[in-house]
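Q:
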Amino acid sequence: MIIGSGPAGYMAGVYTSRADLKPLLVEGMQQGGQLTITNEVENFPGFPGGAGGQVIMDKLREQALALGVEMIARSVVEVDFSKRPFRCRLDDGEDVVAETVIVATGASARWLKLPGEDEYRGFGVSTCATCDGNFFRKKTTAVIGGGDTALEDAIYLSNLCEKVYIVHRRDTFRGTMALQKVVKSTSNIQILWNSIPLEIEGEKQGFMKKVTALKVQNTVSGEESRIAVDGVFEAIGVVPATELFVNQLDMNEQGYIITKPDSTATSVEGVFAAGDVQDPVFRQAVIAAGTGSMAGIECARFLLEN
Ligand code: NAP
Numbered sequence: 001m002i003i004g005s006g007p008a009g010y011m012a013g014v015y016t017s018r019a020d021l022k023p024l025l026v027e028g029m030q031q032g033g034q035l036t037i038t039n040e041v042e043n044f045p046g047f048p049g050g051a052g053g054q055v056i057m058d059k060l061r062e063q064a065l066a067l068g069v070e071m072i073a074r075s076v077v078e079v080d081f082s083k084r085p086f087r088c089r090l091d092d093g094e095d096v097v098a099e100t101v102i103v104a105t106g107a108s109a110r111w112l113k114l115p116g117e118d119e120y121r122g123f124g125v126s127t128c129a130t131c132d133g134n135f136f137r138k139k140t141t142a143v144i145g146g147g148d149t150a151l152e153d154a155i156y157l158s159n160l161c162e163k164v165y166i167v168h169r170r171d172t173f174r175g176t177m178a179l180q181k182v183v184k185s186t187s188n189i190q191i192l193w194n195s196i197p198l199e200i201e202g203e204k205q206g207f208m209k210k211v212t213a214l215k216v217q218n219t220v221s222g223e224e225s226r227i228a229v230d231g232v233f234e235a236i237g238v239v240p241a242t243e244l245f246v247n248q249l250d251m252n253e254q255g256y257i258i259t260k261p262d263s264t265a266t267s268v269e270g271v272f273a274a275g276d277v278q279d280p281v282f283r284q285a286v287i288a289a290g291t292g293s294m295a296g297i298e299c300a301r302f303l304l305e306n
């Protein structure tokens, strides 16, 4: 069984299917994973000139299907890795028994937990510019963060919004130089360096709510200010989707599954982990695809030896 349908899951499918292992791939809630909410991807192999994340994932899925991977549009809600074969319960209550499992559940956006965030989530507060940017045409938005996601989100929003602020806590970006150059040369993007967000403010009228401002603090001067915005996009990194595997697989203190060096083997023999769920360092789609392939190969070797 393969749990997860990002680049790691689909490539694990390709390799296990070609090894005749009859993989069942459980696709989860977000078929195609994080890349499907990425507008433009320039650094995935085989797509000169770049392509939309959804396009890339559709192609990977098609490739896995063509090689005979069985896929189901369900989620795994419980696993028992205490003995082989492993038992995984699906969200419709069905139990699936598998000789080996490849965990490829990826990661999801991290939230800042700011005052006002919960109240205005879905009413102007979001972690997905590609999904929600359209609601902010000709408006003003703020993107929080300084990594690749924040820079890509700001560029995407700058084509829709009148003005985009980037609120970043340091005075240099973490994101790729190519994106930094675009951000710095885009006239309707304003960067607020050394700035941390303090609170999201808004207005309520009956059932209607909307964001009106973001309160920020300059970390050098200590000065607090309020910028008028209609939307706030948080792009402060990701958390691995590993809740399902607590007390089943060894994890580090950030919740990433620990794999053996040069391997995708986890602390349980016969369970492998691939992609962002076990990668706190690189977190790239191409690397997820690569570790998915590794997991497929290791699965086949494990079954041969056992
Ligand atoms: P990231 O690289 O971890 O960057 C997170 C950003 O948020 C950092 O700038 C960080 O500031 C800031 N931040 C974190 N916690 C914060 C807090 N509590 N308050 C304020 N700011 C905070 O995350 P990401 O941008 O989502 O990228 C995740 C991974 O996906 C990366 O490996 C990235 O390269 C990859 N990615 C790649 C592409 C691409 O290649 N096309 C696109 C998107 C993402 P500091 O810089 O001060 O730590």
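The working numbering numbers the first residue of the sequence shown as 1 and each following residue consecutively. Where a beta carbon is used, it is the ideal one built from N, C-alpha and C, also for glycine.
List in chain order: all unbroken alpha helix (DSSP H) runs of 4+ residues lying wholly within the stretch 66-150.
A: 117-120 and 129-132, all fully within the stretch 66-150.
Q: CA-CA distance, A150 and I144?
A: Here residue 150 refers to the residue found at position 150 of the sequence shown. Here residue 144 refers to the residue found at position 144 of the sequence shown. Rounded to whole angstroms, A150 to I144 spans 7 Å at the Cα level.
Q: Taking just the CA atoms, how far does T212 sit from A129?
A: Here residue 129 corresponds to residue number 129 of the sequence shown, with the count starting at 1. Here residue 212 corresponds to residue number 212 of the sequence shown, with the count starting at 1. Cα to Cα, A129 sits roughly 18 Å from T212.
Q: Who pairs with I258 in a beta bridge, going by DSSP?
A: Position 258 of the sequence shown, counted from the start, is the residue given in the question as residue 258. DSSP, once it has assigned bridges, lists no residue as partnering I258.
Q: What is the DSSP secondary structure of A12, counted as helix, strand or coil?
A: Counting from 1 along the sequence shown, the entry for residue 12 is found at position 12. Correct three-state label for A12: helix.
Q: Give the secondary structure of P45 by DSSP, where H, G and I count as helix, E and B as strand, and everything else as coil.
A: Position 45 of the sequence shown, counting from 1, holds the residue named residue 45. P45: coil per DSSP, three-state reduction.
Q: Would you identify the three-state DSSP class for R169, choosing helix, strand or coil?
A: Walking along the sequence shown from the start, residue 169 turns up at place 169. Reduced to three states, the DSSP call for R169 is coil.
Q: Quick one: does the C-beta of D171 sit closer than 6 Å to a heavy atom of the ligand NAP?
A: Taking the first residue of the sequence shown as position 1, residue 171 is located at position 171. It does not: the Cβ of D171 is nowhere closer than 6 Å to a heavy atom of the ligand NAP.
Q: Within its chain, find whatever has a CB closer than 7 Å to the CB of I227; leave out the 5 residues flanking it on each side and keep chain order.
A: Walking along the sequence shown from the start, residue 227 turns up at place 227. Same-chain partners within the cutoff: A142, Y165, A213, L214 and V216.
Q: Please tell me whether, using a cut-off of 6 Å, the distance from the CB of R121 to the nearest non-hydrogen atom of the ligand NAP is below it.
A: By 1-based counting over the sequence shown, the position of residue 121 is 121. No, the ligand NAP has no heavy atom inside 6 Å of this Cβ.
Q: Could you check whether T219 and I196 sit closer than 7 Å to each other, using their CB atoms as the reference points?
A: As a first step, residue 196 must be located in the sequence shown, where it is residue number 196. As a first step, residue 219 must be located in the sequence shown, where it is residue number 219. Cβ distance < 7 Å, so I196 and T219 count as in contact.
Q: Reducing DSSP to helix, strand and coil, say where G175 ends up.
A: Residue 175 sits at position 175 when you count from the first residue of the sequence shown. Coil, per DSSP.
Q: Under 7 Å, do A295 and F272 count as touching if we go by C-beta distance?
A: Taking the sequence shown and counting its residues from 1, one reaches residue 295 at position 295. Taking the sequence shown and counting its residues from 1, one reaches residue 272 at position 272. It is a contact, given that the beta carbons lie within the stated cut-off.
Q: If I follow the unbroken alpha helix (DSSP H) through A289, where does it start and stop?
A: Indexing the sequence shown from 1 puts residue 289 at position 289. Where A289 is concerned, the enclosing alpha helix (DSSP H) stretches over A285 to E305.
Q: Quick check: V229 and T140, are their CB atoms within less than 7 Å of each other?
A: As a first step, residue 229 is located in the sequence shown; it is residue number 229 there, counting from the start. As a first step, residue 140 is located in the sequence shown; it is residue number 140 there, counting from the start. Their beta carbons are under 7 Å apart, which means V229 touches T140 by this criterion.
Q: Within 10 angstroms of its Cβ, does E298 collect 16 or more other Cβ (buried), or is it exposed?
A: Against the sequence shown, residue 298 aligns to sequence position 298. Counting Cβ neighbours within 10 Å, E298 comes out buried, since at least 16 surround it.
Q: Could you check what DSSP says for E201 in three-state terms: helix, strand or coil?
A: One-based indexing of the sequence shown puts residue 201 at position 201. Here E201 sits in strand by DSSP.
Q: Can you tell me whether V164 is helix, strand or coil according to DSSP?
A: Taking the sequence shown and counting its residues from 1, one reaches residue 164 at position 164. Reduced to three states, the DSSP call for V164 is strand.
Q: D58 to S17, Cα distance in whole Å?
A: Locating residue 58 in the sequence shown gives position 58, counting from the first residue. Locating residue 17 in the sequence shown gives position 17, counting from the first residue. About 18 Å.
Q: Are three or more beta carbon pairs between the stretch 45-61 and the stretch 100-110 nearer than 8 Å?
A: Touching, no.
Q: Going straight from the alpha carbon of F207 to that of L304, what length do you get?
A: To locate residue 207, count along the sequence shown from 1; it is residue 207. To locate residue 304, count along the sequence shown from 1; it is residue 304. About 60 Å.
Q: Identify which residue in K163, Q284 and D20 has its Cα closest to the Cα of L67.
A: Within the sequence shown, residue 67 is the residue found at index 67, counting from 1. Nearest of K163, Q284 and D20 to L67, Cα basis: D20.
Q: From the DSSP output, in three-state form, read off T242 for me.
A: Taking the first residue of the sequence shown as position 1, residue 242 is located at position 242. T242: coil per DSSP, three-state reduction.
Q: Which residue wins for smallest C-alpha separation from V79, given the options F123, V268, Q31 and G50?
A: In the sequence shown, counting from the first residue as 1, residue 79 sits at position 79. Comparing Cα positions, the closest option is V268.
Q: Between N39 and the ligand NAP, is there a pair consisting of the residue's CB and a ligand heavy atom that are separated by less than 6 Å?
A: Here the question's residue 39 lines up with position 39 in the sequence shown. Because no heavy atom of the ligand NAP lies under 6 Å away, the Cβ of N39 does not count as near it: no.
Q: For M11 and G292, which I take to be in contact (beta-carbon distance under 8 Å), what is that distance rounded to the nearest angstrom?
A: Within the sequence shown, numbered from 1, the residue matching residue 11 stands at position 11. Within the sequence shown, numbered from 1, the residue matching residue 292 stands at position 292. About 3 Å; that satisfies the 8 Å criterion.
Q: Under a Cβ-count criterion, where at least 16 other Cβ atoms within 10 Å of its own Cβ denotes burial, should F282 be classed as buried or exposed?
A: Taking the first residue of the sequence shown as position 1, residue 282 is located at position 282. When all chains shown are included, F282 counts as exposed.
Q: Within the present structure, is the beta-carbon of R283 separated from the nearest heavy atom of the ligand NAP by less than 6 Å?
A: Here the question's residue 283 lines up with position 283 in the sequence shown. Yes; taking the cut-off as 6 Å, the Cβ of R283 has a heavy atom of the ligand NAP nearer than that.
Q: The beta strand (DSSP E) that contains L24, what's its start and end?
A: For the purposes of this step, residue 24 is taken as the residue at position 24 of the sequence shown. L24 to V26 is the span of the beta strand (DSSP E), which, as asked, contains L24.
Q: C88: buried (16+ other C-beta within 10 angstroms of its C-beta) or exposed?
A: Mapped onto the sequence shown, residue 88 falls at position 88. It is buried - the Cβ of C88 has at least 16 other Cβ atoms within 10 Å.
Q: Is the separation between the beta-carbon of G147 and that of G231 shorter than 7 Å?
A: In the sequence shown, counting from the first residue as 1, residue 147 sits at position 147. In the sequence shown, counting from the first residue as 1, residue 231 sits at position 231. Cβ atoms of G147 and G231: not closer than 7 Å.
Q: Shorter than 6 Å, the distance from the beta carbon of T149 to the closest heavy atom of the ligand NAP, or not?
A: Translated into positions along the sequence shown, residue 149 becomes position 149. T149 Cβ: within cutoff of the ligand NAP.
Q: Pull the bridge partners of N218 from the DSSP assignment, please.
A: The residue labelled residue 218 in the question sits at position 218 within the sequence shown. Per DSSP, S195.
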